[in-house]
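Undergrad: Below: one structure in C-alpha cells.
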Amino acid sequence: MEGGQYLLYDFDGNAAITDKKYNVIEVIGVEGAFYLSETSSLVSFSCELEVGEAPEVVVRYVTRENPEKVSL
Numbered sequence: 042m043e044g045g046q047y048l049l050y051d052f053d054g055n056a057a058i059t060d061k062k063y064n065v066i067e068v069i070g071v072e073g074a075f076y077l078s079e080t081s082s083l084v085s086f087s088c089e090l091e092v093g094e095a096p097e098v099v100v101r102y103v104t105r106e107n108p109e110k111v112s113l
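All residue numbers for the sequence shown refer to this note's numbering, where the first residue is 42 and numbers rise by one.
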C-alpha cells in the first residue's frame, strides 16, 4: 500500500485496496472472518511492515443498522 490508500473490508467479507474515493486498485485475499456481536466486541488491527516508515493507521466502522456510540 501507498500513502492515501485505504484497506477496505466490506460487509460481505471481501477486501480491497482503494484510493481516497474508494475506487478499487487491487482486490486482496482475506484470512479468517470478521464478526462483531450485538453486545460488545474487542477489536484489534495489526499489519507487518516490510520496508520503509510505518504508515498512519485509522480504523473506521460503517454500520448498516442504527449507529451505536463506541468508546475507546
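Note that CB positions come from ideal geometry on N, CA and C, so glycine has one too.
The model shown is predicted, which means the values in this text are computed figures rather than measured ones.
Can you tell me which of the three DSSP states residue 49 falls into?
TA: Residue mapping note: residue 49 aligns to position 8 of the sequence shown, counting from 1. Residue 49 falls in the strand class under three-state DSSP.
Undergrad: So the beta strand (DSSP E) residue 111 belongs to, where does it begin and stop?
TA: Position 70 of the sequence shown holds residue 111. Looking at the DSSP string, residue 111 is not in any beta strand (DSSP E), and its letter there is neither H nor E.
Undergrad: Tell me whether residue 114 sits in a helix, a strand or coil according to DSSP, three-state version.
TA: With the chain represented from 42 up to 113, any question about residue 114 goes unanswered, as that position is not in the structure.
Undergrad: Does the distance from the CB of residue 115 to the CB of residue 66 come in under 7 Å?
TA: Shown here, the chain extends from 42 to 113; a query on residue 115 therefore has no answer.
Undergrad: Which of the three DSSP states is assigned to residue 57 in this structure?
TA: Taking the sequence shown and counting its residues from 1, the one referred to as residue 57 is at position 16. Residue state, collapsed to three classes: strand.
Undergrad: Taking the alpha carbon of residue 54 as the point to measure from, which residue in 63, 71, 95 has its own alpha carbon closest?
TA: Here residue 54 refers to the residue found at position 13 when the sequence shown is read from its first residue. Among 63, 71, 95, the Cα nearest to that of residue 54 is on 71.
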